[in-house]
Structures are given as structure tokens and as C-alpha cells.
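*Asks:* Structure below; questions to follow.
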Amino acid sequence: MHTNIISFSPDLIAKIVRCVEDAVGDDIQADIQRNDLQTRNSVPARIWDLLNTNVIKTLDTEDCTIAKAHRGPWEMLVIFEKSSQCILTFMREKRFTELCKRQRQRKRMHYIDMMARQFNQDLLADQRQLCLIPHEFSDEERLAELVQTLLRDLGSNVDIVRHHVLVLFDTVGYRLTNIRAVMVTPSLDIAQGSEHDWSMYINADESIVVEKVSDPAAPENNPGRGLSLTAKAMARKKGKPERRTSETSAQKDG
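Numbering (full-length UniProt numbering), first residue to last: 1 to 254.
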């Protein structure tokens with residue numbers, strides 16, 4: 001049985017988790033407040049810019065090399081951790097699940113397919129998940145070229161990469177709920193002995209960003225939404241009996 005251990009120092013793991021946690025929590029909330037954003041359409045994508053910035057500022061040290069990789073107009077980061085000789089990338093759990101389900105429907109490789117085929121070819125999945133007929137992509141013959149292009153900013157480090165580690169995370173609102181590190185096989189199964197739960201490193205403290213109300217008198221911050229009450233509603237609110245109309249009185253007297 002092939003066993004694969006993801007061996008990173010607790011200090012490095014804590015830094016990685018904090019980079020993700022800050023990006024999806026306080027960083028994006030502060031960004032929304034600072035720019036006074038009135039809608040939230042860009043939040044899911046903006047989180048990646050914040051995460052990438054955190055990673056560069058925190059992990060670009062003598063222990064790690066950070067490279068920017070381009071996927072069309074999209075910029076992503078690849079971390080090369082020198083002691084383990086592994087590269088790391090980040091992905092949401094939901095996106096990973098989607099890629100796994102649709103792998104056989106894709107004609108061209110996603111970067112995760114490239115990484116798994118180039119660096120994790122020797123890894124074994126659980127026997128129950130073993131695929132007898134591997135899926136082939138139309139651009140698989142260009143695998144080495146595509147990987148070199150993707151990782152060109154790593155320079156000579158590409159030649160000594162042992163494995164690719166995928167950091168998967170999930171959020172609820174502005175809170176990181178779980179995060180784990182895995183290695184995946186070319187069929188995108190989790191390799192034996194490669195899954196490590198990093199959720200214990202999530203900080204349990206409350207957010208330091210306090211939601212502010214820009215104008216307490218504004219209709220959107222008023223329970224009444226700026227609507228005026230009718231005389232009938234005002235009378236009920238004040239507890240006064242409703243004044244009967246002359247027509248009602250005449251009908252009652254008759």
C-alpha cells in the first residue's frame with residue numbers, strides 16, 4: 001500500500017489557514033465598508049485577490065517560493081514549499097466537487113488535472129474508487145508544455161517538485177468553517193493517507209470588523225422603511241378607538 005504523508009510544520013499550516021480565514025472574513029468585510037459597496041456581486045471573486053495578497057505577504061519567505069500562474073485572464077498562486085518539495089494551490093470544496101463530477105465531460109484539462117497527472121501520477125486512491133479506464137483529454141499530449149507554462153515563475157524549482165497538494169476550504173457567510181489538505185490522483189480521487197484536516201487551526205475569535213450603519217435615519221435602516229401610517233393605523237398604534245364615519249353611525253342607529 002502506498003502511503004503519502006503531507007508533512008508541513010504546524011507554524012506553516014497555521015499561517016496558511018490564517019491567510020484563508022482573514023481573506024474570507026475580516027478582509028472582505030473591511031473592503032466592503034471601505035469602498036461603501038452597495039451590492040455584493042464581486043465578493044466571491046474579490047476574496048481570491050485578498051487571499052493571494054495575504055499569501056504573498058505571509059509566505060514568500062526563505063521557506064517558500066510564491067509564483068503567479070495565469071489561466072487566461074485569471075491569476076492564481078502556486079506555493080512551492082522547499083522542505084517537502086511540494087507545490088500547493090487553493091480551491092473551494094464546492095468547486096472541487098464540481099470538477100470531480102464533470103471530469104469525463106471536459107475535453108481539455110483543468111489545472112488540477114495537469115497537476116495530478118504531472119506530479120501525483122504515482123499516488124494510489126482507495127481501491128473502491130479505482131478507475132479502470134482513465135479519462136483522456138484532447139490536450140494531454142501537451143501536458144509537460146502546459147505545466148511548464150503554468151509554473152514558469154517557479155523557475156528551476158519545477159524540476160524538483162515531488163507532489164501537488166490541494167488546500168480545500170469551505171465558508172458560511174464571512175466565516176471559514178473547514179479547511180483540509182489533500183493530494184489527488186489523476187482521476188481526482190483522494191490519495192491514500194494524504195488527507196489532513198486543518199480545521200483545528202481556525203481561529204475561534206469574533207470578527208474585529210464591526211458592521212456600521214452609515215445613516216440611522218435612512219429608510220433602509222428604519223423598520224418602517226420610511227413609510228407613513230394611515231390615520232386608522234396611527235389610531236391603533238396609539239390605542240385610541242377608531243372614529244366612526246357618519247355612514248357607519250347612521251347604519252348602526254337605524
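Built from N, CA and C at the ideal position, the CB exists for glycine as well.
(1) Taking all protein chains shown into account, do 16 or more other C-beta atoms lie within 10 angstroms of the C-beta of residue 149, making it buried, or fewer, making it exposed?
(2) Alpha carbon to alpha carbon, what distance is there between residue 152 and residue 213?
(3) Counting along the chain, where does the alpha helix (DSSP H) carrying residue 50 start and finish?
(4) Assign residue 138 to one of two classes, buried (16 or more other C-beta atoms within 10 Å of its C-beta) or exposed (fewer than that).
(5) Per the contact definition of three or more C-beta pairs closer than 8 Å, is the region 163-175 in contact with the region 13-25?
(6) Given residue 68, which residues of its chain have a CB within under 7 Å of its CB, disregarding the five upstream and five downstream residues?
(7) Quick check on residue 120: buried or exposed, where buried means 16 or more other Cβ atoms within 10 Å of its Cβ?
(8) Could you spell out the range, first to last residue, of the alpha helix (DSSP H) harbouring residue 255?
(9) Would you give the residue range spanned by the alpha helix (DSSP H) that residue 119 belongs to?
(10) What beta strand (DSSP E) runs, 3 residues minimum, are completely inside the region 153-181?
(11) Helix, strand or coil, according to DSSP, for residue 79 in the structure here?
(12) Does the region 41-54 come close enough to the region 99-117 that 3 or more CB-CB pairs lie under 8 Å?
(13) Starting from the C-beta of residue 118, find all residues in its chain whose C-beta is less than 7 Å away, skip the five residues before and the five after it, and write them out in chain order.
(14) Let me know if residue 83 comes out buried or exposed under the rule of 16 or more other beta-carbons within 10 Å of its beta-carbon.
(15) Report the three-state DSSP secondary structure of residue 65 (helix, strand or coil).
(16) Could you tell me if residue 70 is buried or exposed, where buried requires 16 or more neighbouring beta carbons within 10 angstroms of its beta carbon?
(17) So residue 34 is in the alpha helix (DSSP H); what residue range does that whole segment cover?
(18) Using three-state DSSP, classify residue 17 as helix, strand or coil.
(19) For residue 8 versus residue 62, is the C-beta distance shorter than 8 Å?
*Replies:* So, from the listed chains and residues:
(1) exposed
(2) Here the model assigns residue 213 a pLDDT of 47, short of 50, so the residue's position is not dependable, and the following value carries that caveat. Rounded to whole angstroms, residue 213 to residue 152 spans 47 Å at the Cα level.
(3) 43-59
(4) exposed
(5) yes
(6) 75, 77 and 153
(7) buried
(8) Absent from the model: residue 255. The displayed extent of the chain is 1 to 254, so no value can be given.
(9) 111-119
(10) 163-172
(11) strand
(12) no
(13) 143 and 147
(14) exposed
(15) strand
(16) exposed
(17) 28-34
(18) helix
(19) no
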